[in-house]
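K.L.:
Submitted below is the structure of interest, expressed as structure tokens.
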Amino acid sequence: MPTTNAVALWDFRYNITNLWKRTLRWRGQKGAVTWKRMTVLQNRWRRKPRITHPWPNVRFAVKHPRREPGAGTPRAGICGGTGADARPNRDNRTQQA
């Protein structure tokens, strides 16, 4: 069953072809351009629209992890903390005073 987006893409393709046909008919000197000729030109120069994203039943079936793999286990030794820092900071000054 086509989705609304697919129908809109096909309608857009038809409307562009219709405008193209009217422009060729207006600018041409050999008479009217038929829809048979326009169909040949359309199939030659315009791609048929297609939806490339997965359908909802496939897209929503993906199971994502609820959290980061290493979020619960912090590594030791990443930061020395305030004790390893020889420079005084705001917290050290309030404790000394």
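Here the sequence shown is numbered in my numbering, starting from -5 and rising by one per residue. Virtual Cβ for every residue (Gly too), placed ideally from N, Cα, C. Computed from a predicted model, the values in this text were never measured in an experiment.
Whole angstroms are fine: how far does the CA of Trp4 sit from the CA of Arg31?
P.N.:
Computed Cα separation, rounded: 19 angstroms.
K.L.:
Go to Ala0, then tell me how far its alpha helix (DSSP H) extends in each direction, as first and last residue.
P.N.:
Ala0 -> alpha helix (DSSP H) spans -2 to 21.
K.L.:
Between the beta-carbon of Thr17 and the beta-carbon of Gln36, is there less than 8 angstroms?
P.N.:
Cβ atoms of Thr17 and Gln36: not closer than 8 angstroms.
K.L.:
Are Val27 and Lys15 close, meaning C-beta to C-beta below 8 angstroms?
P.N.:
In this structure, Lys15 lies closer than 8 angstroms to Val27 by Cβ.
K.L.:
Grouping DSSP H, G and I as helix and E and B as strand, with all else coil, what is Lys57?
P.N.:
Here Lys57 sits in coil by DSSP.
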